[in-house]
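Protein chains: 2
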Amino acid sequence: MIAGQLSESTEMYLKAMAELGEGEVVSISRLAERLSVTSVSANEMVRRLSEQGLVSHLPYKGVNLTSKGRDVACNVVRRQRLWECFLYNHLKLEWAQLYELACSLEHATAPEVTDALAVFLGNPKTCPHGNPIPDADGCLPELNSNPLSTVPVGDTVRVVSVRATSTEVLRHLQKLSLLPGREVTLLEAAPMDGPLMLKVGDREAALGLLMAEFVFVEPIS
Amino acid sequence: MIAGQLSESTEMYLKAMAELGEGEVVSISRLAERLSVTSVSANEMVRRLSEQGLVSHLPYKGVNLTSKGRDVACNVVRRQRLWECFLYNHLKLEWAQLYELACSLEHATAPEVTDALAVFLGNPKTCPHGNPIPDADGCLPELNSNPLSTVPVGDTVRVVSVRATSTEVLRHLQKLSLLPGREVTLLEAAPMDGPLMLKVGDREAALGLLMAEFVFVEPIS
DNA sequence: TAAAATGTTATGGTTGACCTTATTATTCCT
DNA sequence: AGGAATAATAAGGTCAACCATAACATTTTA
Ligand SMILES: [Mn+2]
Ligand SMILES: [Mn+2]
Ligand SMILES: [Mn+2]
Ligand SMILES: [Mn+2]
């Protein structure tokens with residue numbers, strides 16, 4: 027952790043909130059699940075965060091980043107995604123591992139390093155998963171993409187970004203070639219929340235609904 | 027901190043021991059001072075470290091890295107110095123800040139990242155301060171250099187490396203051009219532990235004895 | 001050899017971030 | 001409206017890493 031800064035835990039809570047809901051309120055239980063802590067712990071932490079003015083908590087409704095909290099979160103996301111670019115483009119590390127590897131580095135990165143890294147990388151606009159990189163001040167631009175799980179059967183769409191975080195899930199998506207830029211046709215949605223049958227390139231693939239939530243797509247222009 | 031690894035604190039204690047004495051015992055008070063903790067805290071921590079088999083403590087004599095502890099320490103030093111190379115050569119960050127900036131990153135660096143970074147940098151042999159970078163397995167090679175404070179008056183020597191860690195001290199050494207590769211002549215050693223008068227390039231410089239401990243030099247071949 | 005300096009241990013405390021179990025409050029749904 | 005599900009609090013605990021103050025042990029040095 028960089029001197030005089032927020033703790034790693036604090037940064038992770040704020041980042042999780044930014045990743046879970048863009049601006050919307052997030053329930054503490056979703057937060058707890060995402061961070062692998064009990065909901066009691068998440069409640070305690072949210073209290074601390076709101077005492078610091080980083081989040082606002084409406085009991086029984088959910089938590090919300092304050093503008094101060096959103097600034098911090100965007101900054102963490104920026105650091106992470108810049109590191110992902112470096113790890114992928116220059117160190118040639120495994121695509122599926124990038125999130126995890128960068129998730130440690132992000133908390134140990136001083137502002138000087140962040141800025142110099144952005145310059146070194148040529149101020150990239152997105153990370154290797156297709157997610158936008160917030161710029162030095164403001165926050166991330168909104169993309170008009172939707173999860174693959176919401177696409178009607180028969181449509182052909184293009185993968186914009188992948189928002190999974192677990193190396194295991196990312197490895198699986200990679201195996202199915204569900205990578206940014208790919209065209210995908212939704213052939214069938216099996217009943218009872220069964221898997222989506224997809225055509226990716228010239229192969230067919232079956233994708234569980236939960237994983238389909240992570241794959242963001244846009245209509246082909 | 028990387029999953030399932032030692033804490034940042036543990037790594038810093040081990041690194042401090044490696045930096046303070048190469049193989050020799052180090053007194054707990056020196057350790058405490060270097061890490062800016064009280065000697066009571068350092069004693070407690072040393073107990074924990076020796077329970078983990080990372081150091082051995084001979085009461086009233088000092089602490090010693092075990093071979094397990096030395097392995098860890100070398101690895102931390104390797105990570106740090108590799109990051110220093112990256113921050114200096116690629117991100118063009120300020121020389122005097124490198125130690126501090128890399129000191130955060132070192133604890134957040136997974137083995138995959140360390141290895142790939144070394145390859146990316148072309149397996150450098152030394153950091154920008156002239157200190158050797160341990161290789162992936164073994165430890166650092168011994169250099170035959172001595173602190174500037176031990177050089178006889180009249181000698182001309184070459185700076186091999188600078189072992190200071192504080193940005194402030196490093197900035198000062200940089201201002202005096204006491205950088206690796208530079209030739210230095212010791213003109214005079216003032217009495218009562220007064221400063222050393224040096225000729226560095228075509229300028230004269232006064233250097234306190236304490237800072238002279240950080241500047242390692244070798245005879246000119 | 002005795003006093004000074006240095007090193008160690010004992011006690012008791014703090015803080016952040018976790019945990020479990022149990023209870024209470026609110027919201028959602030039938 | 002009432003029960004189920006969900007959310008929040010309360011109470012008590014753990015663990016790593018720090019702190020201060022005080023007592024005790026050893027080594028150094030005069
Ligand atoms: Mn992280
Ligand atoms: Mn990414
Ligand atoms: Mn460090
Ligand atoms: Mn260095």
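Residue numbers (my numbering), protein chains in the order written: chain A, 27 to 247; chain B, 27 to 247.
For every residue, glycine included, the Cβ atom is placed at its ideal position computed from N, Cα and C.
According to DSSP, B/Ser-55 shares a beta bridge with no other residue. B/Ala-42 counts as buried, since no fewer than 16 other beta carbons sit within 10 angstroms of its beta carbon. Taking the C-beta atoms as reference points, A/Arg-189 is found nearer than 9 angstroms to A/Phe-240. Per DSSP, the unbroken beta strand (DSSP E) holding B/Gly-88 starts and ends at 88–91.
Judged by DSSP in its simplified three-state form, A/Phe-240 adopts coil rather than helix or strand.
In the structure shown, B/Val-66 adopts helical secondary structure according to DSSP, grouped into three states. Annotation for A/Glu-37: the continuous alpha helix (DSSP H) segment containing it runs 34–46.
At a C-beta separation below 9 angstroms, B/Leu-32 has no neighbours in chain A, since its nearest C-beta there lies roughly 14 angstroms away. The shortest CA-to-CA distance from B/His-155 to any of B/Ser-203, B/Ala-162, B/Leu-131, B/Asp-141 is the one to B/Ser-203. Distances from the CB of B/Gln-106 to the heavy atoms of ligand 3 include at least one below 8 angstroms.
Here the distance from the Cβ of A/Cys-129 to the nearest heavy atom of ligand 1 is below 8 angstroms. Under the DSSP assignment, B/Leu-131 falls in the alpha helix (DSSP H) whose first and last residues are 124–131. At the C-beta level, B/Leu-224 and B/Ala-216 stay beyond 9 angstroms of one another. A distance criterion of 8 angstroms places the beta-carbon of B/Glu-110 beyond contact range of ligand 3, judged by its closest non-hydrogen atom. Rounded to whole angstroms, the separation of the alpha carbons of A/Leu-127 and A/Leu-75 is 26 angstroms.
Annotated as proximal: B/Val-186 and B/Leu-169, with beta-carbon spacing under 9 angstroms. Close CB contacts of A/Lys-94 within its chain, under the 8 angstroms cut and outside five residues either way in sequence, are with Gly-79, Leu-80 (chain order). Between the beta-carbon of B/Leu-147 and that of B/Leu-108 there is about 6 angstroms, and that keeps the pair under the 8 angstroms contact cut.
Chain-order list of chain B residues neighbouring A/Ala-134: Ser-130, Leu-131, His-133, Ala-134, by C-beta distance under 7 angstroms. Ranking A/Val-243, A/Val-139, A/Cys-129 by CA distance to the CA of A/Pro-178 puts A/Val-243 first. Contact annotation: A/Glu-37 and A/Glu-132 have beta-carbon atoms nearer than 9 angstroms. Using a Cβ distance threshold of 9 angstroms, B/Asn-115 and B/Thr-140 do not count as a contacting pair.
Residues of the same chain with a CB within less than 6 angstroms of the CB of A/Ala-68, apart from the 5 flanking positions on each side, are Ile-54, Leu-57, Ala-58 in chain order.
Taking the Cβ of A/Pro-167 as the reference point, every heavy atom of ligand 2 lies at 8 angstroms or farther away.
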